[in-house]
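Working notes for the structure below.
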Amino acid sequence: MLTSASNAAIGVFDSGVGGLSIAAAIRQMLPHENIIYVADSANAPYGGKPEHFVLQRCQAIVEYLMAQQVKLIVVACNTATLTCIAKLRALYPIEFVGVEPGIKPALNASQSGIVGVLATHNTIKSEQYQQLVARLKTHNKVLSQACDGLVEKIEAGEFDSLATQQLIQQYVTPLVSQGADQIVLGCTHYGFLGQQIRCIAGDDVQLVNTSDAIARQTLAVLERNDKINRCQEGGKTKLFSSRCNAEFLGICELLWPKEFEQVHEFTD
Ligand code: DGL
Numbered sequence: 145m146l147t148s149a150s151n152a153a154i155g156v157f158d159s160g161v162g163g164l165s166i167a168a169a170i171r172q173m174l175p176h177e178n179i180i181y182v183a184d185s186a187n188a189p190y191g192g193k194p195e196h197f198v199l200q201r202c203q204a205i206v207e208y209l210m211a212q213q214v215k216l217i218v219v220a221c222n223t224a225t226l227t228c229i230a231k232l233r234a235l236y237p238i239e240f241v242g243v244e245p246g247i248k249p250a251l252n253a254s255q256s257g258i259v260g261v262l263a264t265h266n267t268i269k270s271e272q273y274q275q276l277v278a279r280l281k282t283h284n285k286v287l288s289q290a291c292d293g294l295v296e297k298i299e300a301g302e303f304d305s306l307a308t309q310q311l312i313q314q315y316v317t318p319l320v321s322q323g324a325d326q327i328v329l330g331c332t333h334y335g336f337l338g339q340q341i342r343c344i345a346g347d348d349v350q351l352v353n354t355s356d357a358i359a360r361q362t363l364a365v366l367e368r369n370d371k372i373n374r375c376q377e378g379g380k381t382k383l384f385s386s387r388c389n390a391e392f393l394g395i396c397e398l399l400w401p402k403e404f405e406q407v408h409e410f411t412d
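Encoded structure:
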């Protein structure tokens, strides 16, 4: 049940800039919606931090978004979704949309029956992820690869550096050589390295990204609750960050051109 008005914003958050890939897909599908995006970049990455820390950060962000009367919260982070969305749902009277690695669509599309998943440590070790894999892998193979260091490179705006390329090589090549013909981008940050990953994986491998599916789910929740913003003006995205500086804004402008005028400070 969504209690805020239809013209209230949609809250979207991530440990950093990764969730902008989801926010951009929502903007594409729902052009009239206002979005409040929170990047907890001062605390990124979440992928190797203790579960209680990730929960505590998510709670601070959710409370911040709720104080701004958002109508729905999109947890645009696989790590946060898999480690704590159930707890957030139990704690707060607001609807959440979460994101998890698209293993099912990858298996459906796979010819080899082998799919690779790139994700963070916390995502892969979470009980929810392990259950998802156990449920889906019956006649197939799911190769899970934790990608330490990659989120840091994206947060630093290092998309094409040699070090980033080496990390991608280190994580992607073993999946392809074991027969994976689908690579699931199980972290919202990795969508911004699609081109670089494709280059190393080769043309026979498909990348699976869930951004559009999350945007469709957001639309479905709003429709179900009759909370679509009917205003005909284009929606705006207000950007908040715990690393509120010009460098951060520059990276966001690179990832989502023409969307932001400024970045506001997020503190809790
Ligand atoms: N973008 C995030 C995810 O989808 C978080 C990555 C991190 O902070 O480690 O998992």
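In my numbering, the protein residues as written are 145 to 412. We put the beta carbon where it would ideally sit given N, CA and C, even for glycine. In this text the structure is predicted, and so the values were computed from the model without any measurement.
ask   = Three or more beta-carbon pairs under 8 Å between the region 204-222 and the region 148-162, yes or no?
value = Under the three-pair Cβ rule at 8 Å, the region 204-222 counts as touching the region 148-162.
ask   = Near Gln313, which residues of its chain fall below 8 Å by C-beta distance, leaving aside the five closest residues on each side in sequence?
value = Translated into the one-based positions of the sequence shown, residue 313 becomes position 169. Excluding residues within five positions, the ones whose Cβ falls inside 8 Å are Ile344.
query = Looking at the unbroken alpha helix (DSSP H) that takes in Lys269, where does it start and where does it end?
reply = The residue given as residue 269 occupies position 125 in the sequence shown. According to the DSSP assignment, Lys269 belongs to the alpha helix (DSSP H) that extends over 265-269.
request  = Quickly, what does DSSP pair Val156 with across the bridge? List them, please.
outcome  = Position 12 of the sequence shown, counted from the first residue, corresponds to residue 156. Beta-bridge partners of Val156 (DSSP): Tyr181, Val218.
key: Complete alpha helix (DSSP H) runs within the region 318-347 (minimum length 4 residues, chain order)   = Within the region 318-347, the complete alpha helix (DSSP H) runs of at least 4 residues are 338-345.
ask   = How would you write the range of the beta strand (DSSP E) that Ser288 sits in, first residue to last?
value = Here residue 288 corresponds to residue number 144 of the sequence shown, with the count starting at 1. Segment 285-290, the beta strand (DSSP E) holding Ser288.
task = Below 8 Å on the Cβ atoms is my guess for Glu207 versus Thr225; work out the distance and round it to an integer in Å.
result = Here residue 207 refers to the residue found at position 63 of the sequence shown. Here residue 225 refers to the residue found at position 81 of the sequence shown. Your pair Glu207 and Thr225 does not check out as a contact, with CB atoms roughly 18 Å apart and the cut at 8 Å.
task = Specify whether the region 220-239 and the region 187-206 touch according to this definition: at least 3 beta carbon pairs, one from each stretch, less than 8 Å apart.
result = Taking a cut-off of 8 Å for Cβ pairs, the region 220-239 and the region 187-206 touch, as three or more such pairs fall below it.
message = If the criterion is Cβ atoms closer than 8 Å, does the pair Ser159 and Arg387 meet it?
response = Translated into the one-based positions of the sequence shown, residue 159 becomes position 15. Translated into the one-based positions of the sequence shown, residue 387 becomes position 243. Pairing Ser159 with Arg387 gives a Cβ-Cβ distance that is not under 8 Å.
key: Under 8 Å between C-beta atoms of Leu319 and Gly260   = Translated into the one-based positions of the sequence shown, residue 319 becomes position 175. Translated into the one-based positions of the sequence shown, residue 260 becomes position 116. Against a cut-off of 8 Å, the Cβ pair of Gly260 and Leu319 comes out as a contact.
query = For Asp104, does the count of other Cβ atoms within 10 angstroms reach 16, so buried, or fall short, so exposed?
reply = Only positions 145 to 412 of the chain appear in the structure, and residue 104 is not among them; the question remains open.
inquiry  = the ligand DGL and Asp292: does the residue's C-beta get closer than 7 Å to at least one heavy atom of that ligand?
reply    = Numbered from 1 along the sequence shown, position 148 holds the residue referred to as residue 292. No, the beta carbon of Asp292 sits no closer than 7 Å to any heavy atom of the ligand DGL.
Chain-order list of residues whose beta-carbon lies under 7 Å from that of Lys269 (same chain, five-residue window excluded) = By 1-based counting over the sequence shown, the position of residue 269 is 125. Excluding positions up to five away in sequence, the list is empty.
ask   = Does the ligand DGL have even one heavy atom less than 7 Å from the beta-carbon of Pro194?
value = The count along the sequence shown starts at 1 and reaches residue 194 at position 50. For the ligand DGL, not one heavy atom lies less than 7 Å from the Cβ of Pro194.
query = Would the beta-carbon of Cys221 be found less than 7 Å away from any heavy atom of the ligand DGL?
reply = One-based indexing of the sequence shown puts residue 221 at position 77. Yes, Cβ of Cys221 sits closer than 7 Å to a heavy atom of the ligand DGL.
ask   = From the DSSP output, which residues share a beta bridge with Val352?
value = Along the sequence shown, read from residue 1 onward, the residue named residue 352 stands at position 208. Note: Val352 sits in a beta bridge opposite Val328.
query = How is Gly246 classed by DSSP in three states: helix, strand or coil?
reply = The count along the sequence shown starts at 1 and reaches residue 246 at position 102. In the structure shown, Gly246 sits in coil (DSSP, three-state: anything other than H, G, I, E or B).
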